[in-house]
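**Q** In numbering that gives the first Met the number 0, the protein residues as written are 0 to 1263.
First, the structure itself, so that you have it in front of you.
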Amino acid sequence: MSSEAEHPGLKLLALDGGGIRGLSELLMIKEVMHRLMLEENKKRKTLGLAPLDTLPKPCDHFDLIGGTSTGGIIALMLGRLRMDVDTAIMCYDHLAKEVFSEVKRGLGDGKFKASKLEAVIKSTVAKMTGDSETPLLEGGEAFCRTFVCARNAQNMNANIPVLFRTYDSHETHTGCKIWEAARATSAAPTFFKRIEIGRGQQHFIDGGLGSNNPSKVVLDEAKKVFPNRQIGCIVSIGTGQVGTISIDRPRLLQRLIPTDVIEALQGIATDCEAKHEEMLALFDNSPNTYFRLSVDQGMQTIKLSEWEKLSNVEAHTAQYMRRKEVEKTLTLLVNVMGTHRGQLTIEQLISPKPPIQSTGYMEDRKRCPPPVLSFTGRNDILQMMHSYFDHDPGSAQHIFVLHGLGGAGKSQLAFKFVDDSQANHRFSEIYYIDATNEQTLEIDLQAVAPAAVGKSAQASRQWLAGRQEEQKEWLLFFDNADDVELDISKFFPCCTFGNILITTRNQDLCLHARDEDAVSKVSNMIAEDAKDLLLQLAGEGRSNQQEELAGAIVKELHCFALAVSQAGGYIHTRSNLSEYLELYQNHRDQLLRRIEIQGLDQYDQAVYTTWDLSYGKLSSAGQTLLQICSIMHHEGISELIFQKAATAQQAFDDSDVSKEVTLLLNQLGKRDEKWDSLAFREVMGELESYSLIERDRQAASYAIHPLVQHWSGAAMGTNKYAMQKCVLTIIALSITWSFKDEDYKYRRKLLLHAARSTHSLNPDQLSPVVATRIARVYTERGHWNNAEPLQVAAMETSKCVLGEEHPHTLQSISNLASTYRNQGRLSDAEALEVAVVETSKHVLGEEHLDTLTRIGNLASTYWNQGRWNDAEALQVAVIETSKRVLGEEHPDTLTRISNLALTYWNQGRWNDAEALQVAVIETSKRVLGEEHPSTLTSIANLALTYQDQGRWNDAEVLEVAVMETSKRVLGEEHPNTLGSIANLALTYSNQGRWNDAEVLQVPVMETSKRVLGEEHPFTLTSIANLASTYRKQGRWNDAEALLVAVMETSKRVLGEEHPDTLTRIANLASTYWNQGRWNDAEALEVAVMETSKRLLGEEHPSTLTSITNLASTYRNQGRWNDAEALEVAVMETSKRVLGEEHPDTLTRITNLASTYQSQGRWNDAEALKVAVMETSKRVLGEEHPATLTRITNLAVTYSSQGRWNDAEPLLVAVVETSKRVLGEEHLSTLTRITNLASMYRNQAVARGDGAGDQQAHAGRGASQ
């Protein structure tokens, strides 16, 4: 690279004079320093360094500062004295008040005391340097050089300022002090007397006479000091536009001031603006280099010496900096100051002959814009780009493509790459090409080559291609190559070297990259980077609250670069973080479309308008598909949805919506009843070419950016609701009533599409068939609350249109009743089902298959209500009819027999249940096959019966077989497979193999979360099962954490009074019970009991269980009378409702016996325990685990009474049986061995053979 670019671009600062209005200059410099600090802190955070907590000093950012009059004093403060801005403001405020607050009396040169000005300046110098007589000239090579302008009072006609410099020069005033230079530059006639400096006692006055705007002087001086340096920027700051200065002409004063001085004073105001116009012309061909800041309103009435109006100056300056155009200027200025590159050298800039002509290049070659100062993140892509271009340079032509959605930040990323490359001299030349269209591309490319080569794009291409021998590593940067009709490759130089960088929305241009390392998609920012960008632009600090608000805002904006930038700009000028979040949520579309709300990146389009141009270029089919995608969920948009819908056997009805759907599908690929996949992909490819849609090759689906969805949806206006109905119809058409594993998987993928497509849409507007099919998607995922309004709408519309007795209406009622049952609304379900059964019998006939199904559904509701006798009566009847109508081996008949077996199971009639289940399994194996899902379900049901019979080994054998077959036939993630694994885990838990149970339950829970969703009922059950295992392992804190979470989710998803929610609350109470937190357990159990009584009834089995649990807690609290009262009542109700020999009744008798024992009522306890033991032997069997527990409890009672001889044979027998049935290492076996040992120890104590403590193990019983 040329020597001019070996150093960073020069940064020059020129400060106008203006009396007390100079405060305005300091305030604007402070704003610039504040913005530079934000950029520096962003870099420091990336490097892991602590952020700056004070503003940087101007002397560390400017190479040369020049000022006139009060601007000269400020220049000395900031440059020579190296003050920070806040210190300078404080000193300047003090100076203004001290010097201008008292008018000098009497005659003389100047209205104010020069001696007071000298004293204040000397005091300031002494404070900063330790010596009021510190020389102006600095020793060594200072980074920031400073000068001030004055005028020789003896030569006013020569319009040449005298410069007092802090650095060596052949014009340096040797021996000049800092205070003297300050006095010289501020010795304004009519204000202060002139000053004599130097041996010759030359007289100097204010440099504002002719150079009040010293910007041109600063430029000329920089040429002398830095002859070969490029200019980065020159900043000219004024003190406000004022009218022409008029001087009062009192007779005596007129005699003291020469006429030429008065004329010079009157020209000061016009001089400042004239210099500004001259500088604008000088930098006409070098944009973004010269910056002028000067308050243009409000300062006209503030006189130079009116120190009491400093607050007015501050207010007018703040108002000025809030203006949109000034905001953009400040942003661009700080952006340029943060870059490494300069533009032209000063010699090239002010030479009479244009520098480009002198070097032989075209005048209109564009420079690559610098990146915005606020550029944040993207380090991964930048590293990828540098690695690509640095690999084996010169060996081949390198082409890198940055592609992505408009507004994603592609150009800014490229600008940053170019800026970094300039800093490390990676490329010999960089040529920026505006590739918006072929015309802009031609114009920019033809300016690349020297004029002598020829003025055409072709000439430039050939010139670049011929530079290999010069070993030039040029970079040709095509920016905004978005036009899909543009063949950009014809503008590439035909050679095997050089480098090309492309930014584009057109994904097809990725084909020009040589390999995958040469392509990068620019998408959303990393959340942390987006938050940093927003806070930086908003300028509100970084408290915890602001960090949290910023995180919420960028989440709403989906971390989209342009949206974050514009939000930061809006917040900085018009709002704050908390207000913006609410404003965006209520007025998103307006904020994202308003082009006047700009960020600080100089992007000239709002978020929405940047995509409008792309939309206009789409075909009709492309626009249709984009609108459809804007209604669906932004991810997982699959061609399969459209294919299934297009090839569905028939439309739902003859409505306008169905006709419109047919037209839409025809546009996208429907050909008669077939599907043209190629046609669909061509339309989707059109959207991909503008980066409006992204293809996920691995998932074989498409995704659309959420903000693009919002934009497209907003563009549809009121037509959006019509499109919603069309999209839901397409989704419904794609749903079939098949129930293979792939069907379930497909419908699971539709959930998010259904949810978004139904948003804000009244279900009444959907046809009953569409509503029913969409509801099916919800019910299969356990989202019953979402399904309910759709099913209600389907039912009501069917009643209205088809009639209350139409088969479709009856089916819609049955569907709704099923949802009510799943919601725990059993009374509502029963009311619908009783009605629909009666109507179905009347309309279809008592033996119609639908009638039989509906009777079975009513029986299921009775079953859930605990009305097992009522359920049994219906089920027996429907089985007999099914056998007669369908046959004994029909699958529906077998299902109904299985349902009756489950009723027997709940009644505690396990032998009856077993007999039915064994028969169903044998028939199902023969008729359906051993691996049919229905066969596997029937085997799993038999295993559950074995569990309750205590035949855990038999249950295990069946469950292992079902699990393995289910994995192979249905797949490892099928819901039935997950259920089979969960059942096996429960068997392991009952066997005391808790580690084995945990090993199964953890993956079941994780898989269920991923496949079914974290809030699916089965997922919640799987979490509760794992918590139960943790509780048995004594990991009560782990159990508690899971149960609290599952309870809260259940409350939110199912409702606080859903039966499953109540069960989970009861489980949490049991954990508290285990932890000895009986008061916490009691509070939950009372609430569960009261709710259960109200919703399910006082005699419902679940209600009885909740009462039993509470009584157990009372017993452990020592509240034996309270426990007894509950237990007596629940035992009597259980005998009456469930039967005296029902397993739950036996458990409740045992619990009452435990309470009697705690009260010391041994005889009462013994009587109950003997009776329950005998009944358990007869009903459950002598080796059933529950029977063994009851024998143990009786033995413990004997032992507690000192009846060792009665206790010993019971305990010895139960230990032996337990070893044989449960295993020697089962916890129950170990507990019984301990009980036996305790009894022997107590016998020894009683005989006087030894000492020991009595230990009894009665436990909480089997109430759970």
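Glycine included, every Cβ here is placed at the ideal spot set by N, Cα and C.
For Asp478, list the residues DSSP reports as bridge partners.
**A** Start at 1 with the first residue of the sequence shown, and residue 478 comes out as number 479. Paired residues: Asp433.
**Q** Does the beta-carbon of Thr495 have 16 or more other beta-carbons within 10 angstroms, so that it is buried, or is it exposed?
**A** Along the sequence shown, read from residue 1 onward, the residue named residue 495 stands at position 496. Thr495 comes out exposed.
**Q** In chain order, what residues of the same chain have a beta carbon less than 8 Å from the beta carbon of Gln822, not counting five sequence neighbours either side?
**A** Residue 822 sits at position 823 when you count from the first residue of the sequence shown. Closer than 8 Å at Cβ, skipping near neighbours: Trp783, Asn784, Glu787, Leu1053, Gly1054, His1057.
**Q** Excluding sequence positions up to five away, which residues of its chain have a Cβ less than 6 Å from the Cβ of Ser455?
**A** Position 456 of the sequence shown, counted from the start, is the residue given in the question as residue 455. These residues qualify, in order along the chain: Gln445.
**Q** With a floor of 4 residues, list each alpha helix (DSSP H) that falls wholly inside the region 949 to 1005, ordered by position along the chain.
**A** Counting whole runs of 4 or more residues, the region 949 to 1005 contains the alpha helix (DSSP H) stretches 951 to 968, 974 to 989.
**Q** Any beta-carbon of chain B closer than 7 Å to the one on Gln544?
**A** Among the chains in the structure shown there is no chain B, since it carries only a single protein chain.
**Q** Quick check on this structure: which residue in Asp588, Leu667, Asp655, Arg321 has the alpha carbon closest to the alpha carbon of Ile627?
**A** On the sequence shown, position 628 is the one that residue 627 refers to. Residue Leu667 is the option with its Cα nearest to Ile627.
**Q** Looking at Leu372: is its Cβ nearer than 7 Å to the Cβ of Ile230?
**A** The residue labelled residue 372 in the question sits at position 373 within the sequence shown. The residue labelled residue 230 in the question sits at position 231 within the sequence shown. In this structure, Ile230 does not lie closer than 7 Å to Leu372 by Cβ.
**Q** Could you say if the region 797 to 805 and the region 751 to 758 meet the contact criterion of at least three C-beta pairs nearer than 8 Å?
**A** no
**Q** What is the DSSP secondary structure of His511, counted as helix, strand or coil?
**A** Along the sequence shown, one-based indexing puts residue 511 at 512. If DSSP states are grouped into helix, strand and coil, His511 belongs with the helices.
**Q** If you check the beta carbons only, do His557 and Leu706 fall under 7 Å apart?
**A** Taking the first residue of the sequence shown as 1, we reach residue 557 at position 558. Taking the first residue of the sequence shown as 1, we reach residue 706 at position 707. In contact: His557 and Leu706 (Cβ atoms closer than 7 Å).
**Q** Rounded to whole angstroms, what's the CA-CA distance from Glu1173 to Lys1031? Just pull it up for me.
**A** Along the sequence shown, one-based indexing puts residue 1173 at 1174. Along the sequence shown, one-based indexing puts residue 1031 at 1032. If I take the Cα positions, the gap works out to 28 Å.
**Q** Rounded to whole angstroms, what is the Cα-Cα separation between Val842 and Glu804?
**A** Within the sequence shown, numbered from 1, the residue matching residue 842 stands at position 843. Within the sequence shown, numbered from 1, the residue matching residue 804 stands at position 805. Val842 and Glu804: Cα-Cα distance of roughly 7 Å.
**Q** Tell me Asn151's beta-bridge partners as DSSP assigns them.
**A** Walking along the sequence shown from the start, residue 151 turns up at place 152. Note: Asn151 sits in a beta bridge opposite Phe203.
**Q** For Asp167, count neighbouring C-beta atoms within 10 Å of its own C-beta (all shown protein chains included) and say buried if the count is 16 or more, exposed if not.
**A** As a working mapping, residue 167 is identified with position 168 in the sequence shown. The residue is exposed, with fewer than 16 neighbouring Cβ atoms inside 10 Å.
**Q** What's the gap between the Cα of Tyr91 and the Cα of Ala183?
**A** As a first step, residue 91 is located in the sequence shown; it is residue number 92 there, counting from the start. As a first step, residue 183 is located in the sequence shown; it is residue number 184 there, counting from the start. Each residue's alpha carbon lies about 17 Å from the other.
**Q** In three-state DSSP terms, what is Arg853?
**A** Within the sequence shown, residue 853 is the residue found at index 854, counting from 1. Looking at Arg853 - three-state DSSP - the assignment turns out to be helix.
**Q** Hey, Met962 and Ile938 are a contact pair by Cβ (cut 8 Å); roughly how many whole angstroms apart?
**A** Working through the sequence shown from its first residue, we reach residue 962 at position 963. Working through the sequence shown from its first residue, we reach residue 938 at position 939. The distance from the Cβ of Met962 to that of Ile938 is about 10 Å, inconsistent with a contact at the 8 Å cut-off.
**Q** What would DSSP say about Tyr689, mapped onto helix, strand or coil?
**A** Here residue 689 refers to the residue found at position 690 of the sequence shown. If DSSP states are grouped into helix, strand and coil, Tyr689 belongs with coil.
**Q** Measuring straight from C-alpha to C-alpha, what distance separates Leu1041 and Thr608?
**A** Taking the sequence shown and counting its residues from 1, one reaches residue 1041 at position 1042. Taking the sequence shown and counting its residues from 1, one reaches residue 608 at position 609. Their Cα atoms are separated by approximately 48 Å.
**Q** Shortest alpha-carbon distance to Leu1193 belongs to which of His315, Ser1153, Ile525, His1183?
**A** Along the sequence shown, one-based indexing puts residue 1193 at 1194. Of all alpha-carbon atoms in His315, Ser1153, Ile525, His1183, the one lying nearest the alpha-carbon of Leu1193 is that of Ser1153.
**Q** Val234 bridges to which residues according to DSSP?
**A** As a position in the sequence shown, residue 234 is number 235, starting the count at 1. Paired residue(s): Leu12, Phe290.
**Q** If contact is defined by three or more beta carbon pairs under 8 Å, each pair taking one atom from either stretch, is the region 846 to 858 in contact with the region 867 to 885?
**A** Short answer: they touch.
**Q** In this structure, how does DSSP classify Thr735 when only helix, strand and coil are distinguished?
**A** On the sequence shown, residue 735 is found 736 positions in, with the first residue counted as 1. Thr735: coil per DSSP, three-state reduction.
**Q** Hey, could you find the ends of the beta strand (DSSP E) His402 is sitting in?
**A** The residue given as residue 402 occupies position 403 in the sequence shown. Note, His402: beta strand (DSSP E), 397 to 402.
**Q** Can you name the residues that DSSP bridges to Asp695?
**A** Translated into positions along the sequence shown, residue 695 becomes position 696. In DSSP, Asp695 forms a bridge with Ser700.
**Q** Do the region 433 to 452 and the region 412 to 421 touch if we need at least three Cβ pairs shorter than 8 Å?
**A** no
**Q** Leaving aside the five residues before and after Phe282 along the sequence, list all residues of the same chain whose C-beta is less than 7 Å from its C-beta, in chain order.
**A** By 1-based counting over the sequence shown, the position of residue 282 is 283. Answer for Phe282: Thr288, Tyr289, listed in chain order.
**Q** What span of residues does the alpha helix (DSSP H) with Ile159 cover, start to end?
**A** The sequence position of residue 159 within the sequence shown is 160, counting from 1. No alpha helix (DSSP H) contains Ile159, which DSSP labels as neither H nor E.
**Q** From this set, Leu825, Ala834, Met1004, Val884, which residue's C-alpha is nearest Glu846's C-alpha?
**A** Locating residue 846 in the sequence shown gives position 847, counting from the first residue. The candidate whose alpha carbon is nearest that of Glu846 is Val884.
**Q** What does a CB cutoff of less than 7 Å around Val216 pick up in its chain, not counting 5 residues either side in sequence?
**A** The sequence position of residue 216 within the sequence shown is 217, counting from 1. Here the set comprises Gly65, Cys148, Pro160, Ser210.
**Q** With a Cβ-Cβ cutoff of 7 Å, do Arg1189 and Ser1175 count as a contact?
**A** Locating residue 1189 in the sequence shown gives position 1190, where the first residue counts as 1. Locating residue 1175 in the sequence shown gives position 1176, where the first residue counts as 1. Going by C-beta atoms, Arg1189 is nearer than 7 Å to Ser1175.
**Q** Please report how far the alpha carbon of Thr86 lies from the alpha carbon of Asp486, in whole angstroms.
**A** Mapped onto the sequence shown, residue 86 falls at position 87. Mapped onto the sequence shown, residue 486 falls at position 487. Taking the straight line from one Cα to the other gives about 59 Å.
**Q** If I follow the unbroken alpha helix (DSSP H) through Gly66, where does it start and stop?
**A** The residue you call residue 66 lines up with position 67 of the sequence shown. Looking at the DSSP string, Gly66 is not in any alpha helix (DSSP H); the run it does join, the beta strand (DSSP E), is 63 to 67.
**Q** Can you list, in chain order, the residues of its chain whose CB lies under 6 Å from that of His632, leaving out five sequence neighbours each side?
**A** As a first step, residue 632 is located in the sequence shown; it is residue number 633 there, counting from the start. So the list reads Leu751, His752, Arg755, once near-sequence residues are dropped.
**Q** Taking Met1266 as the reference, give the member of Leu901, Ser811, Phe99, Lys121 with the closest Cα.
**A** Limits of the chain in this structure are 0 at one end and 1263 at the other, which puts residue 1266 out of reach.
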